[in-house]
Ligand SMILES: N[C@@H](CCC(=O)N[C@@H](CS)C(=O)NCC(=O)O)C(=O)O
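Numbering (the numbering used here), first residue to last: 2 to 272.
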């Protein structure tokens, strides 16, 4: 019996829902309201000491860390294999996952909170706003959240995050000009692990960051056509929430255009 503690909009929850669908596995959903701070409740801190989603409960076992949950589900689930037999392709797959876990995930939080829920959180009473920051367990994430809530897209962290995203898109484009999928000839866990982060740009109305990369756009369309996309994203994030995310980011679009001009978001060679 699988229970997923997750959140509809969260990138790492999308990853896990994606692989659950690809592996044809049913689960019981327990959504955690991140904006209301449910991840900081005592009962949840016992499930995840870092106060983050997702967590998969398999019978009585708790499996944490979205990429590791994906690997776990690959071993217990059905469907087509999502880890290549070829050692080099398997290495490519793990390299994309490593990039997401060690760099892009944190940057996605920076971009999201600089734009999306910033105004909502800043409109809260001072002590509620402060709790939303100081309850974050991981110190770097806490400092980044404070900076982007204070300064929005003018925070230095925002620019660094956009630069990292662009660097990833450049590397993706270089690969996707040669193969259909990120690790090579077949779809792997890497595609499901990267998908929510590219999608996050789109959800925040930052499509212009993606458009210089036609291989990435075609890859995104391929993934969107799969049933797993509907099961992981479409079914969970209602249209009005997507519209709201874009609306929240709308007032910053001019500043973002200027930033992209400064950074020079044109197709570059991967380094
Ligand atoms: N490395 C963890 C990261 C988990 C994480 O940061 N989750 C976010 C949502 S994608 C979260 O729960 N944030 C809670 C918060 O912002 O307070 C994983 O991949 O599972």
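The beta-carbon is built from N, C-alpha and C at its ideal position, and this holds for glycine as well.
Query                                                                                                                                          : Result
Assigned secondary structure, residue 95 (DSSP; H/G/I helix, E/B strand, else coil)                                                            : helix
beta-carbon residue 35 near ligand 1 non-hydrogen atom, thresh 6 angstroms                                                                     : yes
Rounded C-alpha distance that separates residue 50 from residue 63                                                                             : 12 angstroms
heavy atom of ligand 1 below 6 angstroms from residue 125 C-beta                                                                               : no
Distance, residue 37 Cα to residue 43 Cα                                                                                                       : 14 angstroms
Cβ-based burial, residue 253 [other Cβ within 10 Å; buried from 16]                                                                            : buried
The stretch 188-203 touching the stretch 143-162, judged by at least three CB pairs closer than 8 angstroms                                    : no
Beta-carbon proximity check, residue 85 vs residue 7, cutoff 7 angstroms                                                                       : no
Supposed contact pair residue 20 and residue 69 - C-beta distance, whole angstroms, cut 8 angstroms                                            : In fact, because the Cβ distance is near 11 angstroms, the residues do not count as touching under 8 angstroms.
Cβ-heavy atom distance, residue 40 to ligand 1, below 6 angstroms                                                                              : yes
Range of the contiguous alpha helix (DSSP H) that encloses residue 273                                                                         : Not covered by the structure: residue 273. The range shown for the chain is 2 to 272.
Nearest-angstrom Cα separation, counted from residue 169 out to residue 5                                                                      : 29 angstroms
For residue 273, the nearest candidate out of 257, 135, 181 (CA to CA)                                                                         : Residue 273 is absent from the model: the chain starts at 2 and stops at 272.
Neighbour-count burial assignment, residue 235, 16 or more Cβ in a 10 Å radius                                                                 : exposed
Host alpha helix (DSSP H) of residue 32 (start-end)                                                                                            : Here residue 32 belongs to no alpha helix (DSSP H); instead the beta strand (DSSP E) covers 29-32.
Contacts around residue 165, its chain only, beta-carbon distance under 8 angstroms, and the 5 residues preceding and following it disregarded : 104, 105, 108
Residue(s) in a DSSP beta bridge with residue 209                                                                                              : Answer by DSSP bridge pairing: none, since residue 209 is not bridged.
Per-residue burial, residue 93 [other beta carbons within 10 Å of its own, 16 or more giving buried]                                           : buried
The stretch 211-229 in contact with the stretch 171-179 per 3-pair CB rule at 8 angstroms                                                      : yes
C-beta contact flag for residue 199 and residue 221 at 7 angstroms                                                                             : yes
For residue 65, the residue or residues it bridges with in DSSP                                                                                : 56
Beta-carbon proximity of residue 263 to residue 185, cut-off 7 angstroms                                                                       : no
Cut-off 6 angstroms between Cβ atoms - residues of its own chain near residue 57, not counting five sequence neighbours on either side         : 5, 64, 70
Proximity winner among 152, 28, 22, relative to residue 79 (alpha-carbon distances)                                                            : 22
Cα-Cα separation, residue 140 to residue 3                                                                                                     : 31 angstroms
Residue 46 versus residue 187: straight-line alpha-carbon distance, rounded                                                                    : 38 angstroms
Distance, residue 98 Cα to residue 189 Cα                                                                                                      : 10 angstroms
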